[in-house]
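Chains as they are written, first to last, in the numbering used here: chain A, 79 to 400; chain B, 332 to 755.
Beta carbons are placed, not taken as given, at the ideal position from N, Cα and C, and that holds for glycine.
Heads up: the structure comes next, in structure tokens.
See below:
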């Protein structure tokens, strides 16, 4: 076990530790900035940099280009099919004046609930798989990852047919017990179920990655020193696995925030997530500026979540396990 | 008619006589929709000859772009229709199915003209938006006009929605069409009840028991019809208020909202819901083809006031759509685009467009030709609510106004989305 594994970490850490960490981060940032500056200095005169410029620009344009277009469109008047024109705030005003808070609210609420449920379900599963570590873990990994090779819509349609009236569940219970379940689709809990089902691998695999940071020796040492199982979980396992937990949480929250198929296939219109509004604005609504403004707001919400989480994650440490 | 085609007409007449007699009695006793013009067989023979000539011309043409990009509704994007074309002309066909008419129109507006060669949309878009905006190219009128001889009497030359607003240019070929009203499980609510009670029989009478087929512009159009006025003109404040009230009620009272017509048809079959608004032959035909003939598209008898005339004293309550397939004004066009339109008129291809699309069967205007009509099985005709000699379909169509552009669509769509969100 390295010393780093016993460093105070963010989850459950007292305030002075946070301050300590803040200082560490500042120092690390300064060091990193110095390194970057030094490398840039060496790099700037070399042929390597000039060779990398076209690809770098292409990647930048590919990443920021679409975002810039969406932002520009969001300030265009209704009926615009070009991002260049006299800017207006009417799209944002319309969003505030109309009842879009309902779809934003449902998207946020369902994303939060689904992410919490995913954490509760995936964590014990991840612990089991890490501890199994070997052939059986591989089998479980394949079983969990396999559905990803089937289109999400098809899987959700399958669940819809399973839960719907005269579906597999209804038919089977009718046949076995003489009373069917009726339709179990068309409600909010089934939409959340769909989110949990679809995004389980996106929570599970980062958790597994995070939990591999927890050396068995650390648990054993804590146990030898008299720590209870709960204390080991709270003070050793959770802090060390926290980068994986945070990455998984972030991934699932952002993905669930942008989900629409679950509400369509399983919700049957019981609630409208904001992405459905965006889709509607771009297609049937013929209102690209409105769709863009909604997209910008959704991106801002997701970006805020990313900023909050990424301030707490040391990606470098997570992937290099230093 | 160009000289190259003039010689064909003589042989067409001789062939048509033979084909007419071979088509059998089924083709002889047809009224309006099921009926045919005096030149129906002549039209299909012309289509065959034109297709042969087109293939020969392409073979002799030498160098041209061999890939064809089609943006269309599902009738034109599937293998049964595309594979024979591709193999006969040696083309690579890249189809993309539409998700909505407005989305496709926007696609062309935002540069899609460089991508697509053929665009297939419901009527009115070509005539009122695409052609005036320079996004499509007119067809060769002389070449395509004789094909109208295949059509049923209601779709004869010159057909309004295929022509430009000046009536001079032919903007596309017409083929699939259908009436849209209310989808009903007639085992749960009788056809007569819905015909007499109209949309409110479902919206209020079957509160919590019906679904909404969420093709957004169609929901808006049918809500206008249910509110008692045409969607296809400017609306007064009072009408907008009526629309607002009704669309909120429509969504509040619905049990399910889905853009999956098959799922909603299944819900009607299982009794989960009793009806669907809107419900067209398009959306119920697949279920009917599977033997679920209790699922019907029903058109209320009493229509909106402004459509009541001496000829139609009860007015019209539903909406007819007809697809128009056009040549996109692609800066690098391929002759395959026009060839594809010709090919779609050949009797076998026309039948496949009608009956072999995934999840839906639809009538086509070329059913006026015995060579086309004779290919439909009884089950397929039952699926499209053809009825005795086409009478059932004719009755439904008689209660419909034609699809058109809604000038208040933007405001109505805002209210539509508000109503939909308010369910949650």
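Does DSSP put residue i in a helix, a strand or coil?
| i | result |
| --- | --- |
| residue 652/B | strand |
| residue 512/B | strand |
| residue 542/B | strand |
| residue 160/A | coil |
| residue 553/B | helix |
| residue 568/B | helix |
| residue 744/B | helix |
| residue 231/A | helix |
| residue 453/B | strand |
| residue 129/A | helix |
| residue 427/B | strand |
| residue 185/A | helix |
| residue 754/B | coil |
| residue 401/A | There is simply no residue 401/A to check, as chain A begins at 79 and stops at 400 in what is shown. |
| residue 405/B | helix |
| residue 605/B | coil |
| residue 507/B | strand |
Under 8 Å Cβ to Cβ from residue i, same chain only, skipping five residues before and after it: list those, please.
| i | result |
| --- | --- |
| residue 690/B | 405, 592, 593, 617 |
| residue 233/A | 225, 275, 276 |
| residue 561/B | 555, 635, 637, 638, 732 |
| residue 251/A | 257, 258, 259 |
| residue 565/B | 738, 739 |
| residue 411/B | 683, 687 |
Does residue i pass the burial test, meaning 16 or more other C-beta atoms within 10 Å, or should it be called exposed?
| i | result |
| --- | --- |
| residue 567/B | exposed |
| residue 247/A | buried |
| residue 254/A | exposed |
| residue 389/A | exposed |
| residue 379/B | buried |
| residue 146/A | exposed |
| residue 127/A | exposed |
| residue 373/A | buried |
| residue 745/B | buried |
| residue 631/B | buried |
| residue 417/A | Given a span of 79 to 400 for chain A in the structure shown, any question on residue 417/A remains unanswerable. |
| residue 245/A | buried |
Please name the residue, chosen from the options, that lies closest to residue i on a Cα-to-Cα basis.
| i | options | result |
| --- | --- | --- |
| residue 359/A | 307/A, 159/A, 237/A, 279/A | 159/A |
| residue 472/B | 657/B, 699/B, 702/B | 657/B |
| residue 338/A | 145/A, 161/A, 188/A | 188/A |
| residue 387/B | 681/B, 748/B, 520/B, 666/B | 666/B |
| residue 443/B | 465/B, 747/B, 605/B | 465/B |
| residue 263/A | 346/A, 316/A, 308/A | 346/A |
| residue 143/A | 161/A, 214/A, 130/A, 131/A | 161/A |
| residue 205/A | 288/A, 165/A, 356/A | 288/A |
| residue 318/A | 131/A, 296/A, 257/A, 200/A | 296/A |
| residue 682/B | 727/B, 696/B, 671/B | 696/B |
| residue 643/B | 728/B, 506/B, 589/B, 521/B | 728/B |
| residue 463/B | 599/B, 526/B, 476/B, 439/B | 439/B |
| residue 508/B | 517/B, 522/B, 748/B, 493/B | 493/B |
| residue 344/A | 430/B, 397/B, 589/B | 589/B |
| residue 326/A | 192/A, 311/A, 140/A | 192/A |
Using a Cβ-Cβ cut-off of 6 Å (strictly less than) and excluding sequence neighbours within five positions of residue i, which residues of its own chain qualify?
| i | result |
| --- | --- |
| residue 602/B | none |
| residue 427/B | 402 |
| residue 417/B | 424 |
| residue 387/A | 324, 328 |
| residue 218/A | 207 |
| residue 573/B | 558 |
| residue 292/A | 315, 318, 319 |
Spatial neighbours of residue i within its chain, please: C-beta separation below 7 Å, excluding the five flanking residues on both sides.
| i | result |
| --- | --- |
| residue 367/A | 151, 152, 154, 155, 156, 158, 169 |
| residue 585/B | 541, 542, 543 |
| residue 615/B | 514, 596, 626, 627, 628 |
| residue 713/B | 619, 624 |
| residue 467/B | 450, 457, 461, 502, 657, 658, 659, 660 |
| residue 196/A | 274, 277, 278, 281, 330 |
| residue 392/B | 666 |
| residue 101/A | Residue placement at residue 101/A is flagged as unreliable, the pLDDT there being 49, under the threshold of 50; a coordinate-derived value is accordingly withheld. |
Stretch-stretch touch, CB-based, cutoff 8 Å, three pairs: the stretch 670-683 of chain B with the stretch 451-462 of chain B: no
Contact between the stretch 217-228 of chain A and the stretch 568-586 of chain B (3+ Cβ pairs under 8 Å): no
contact_flag[the stretch 505-524 of chain B, the stretch 599-614 of chain B] where n(CB pairs < 8 Å) is 3 or more: yes
contact_flag[the stretch 494-504 of chain B, the stretch 515-535 of chain B] where n(CB pairs < 8 Å) is 3 or more: no
The stretch 270-282 of chain A in contact with the stretch 325-336 of chain A per 3-pair CB rule at 8 Å: yes
Stretch-stretch touch, CB-based, cutoff 8 Å, three pairs: the stretch 654-668 of chain B with the stretch 549-564 of chain B: no
Three CB pairs or more closer than 8 Å across the stretch 347-354 of chain A and the stretch 174-191 of chain A: yes
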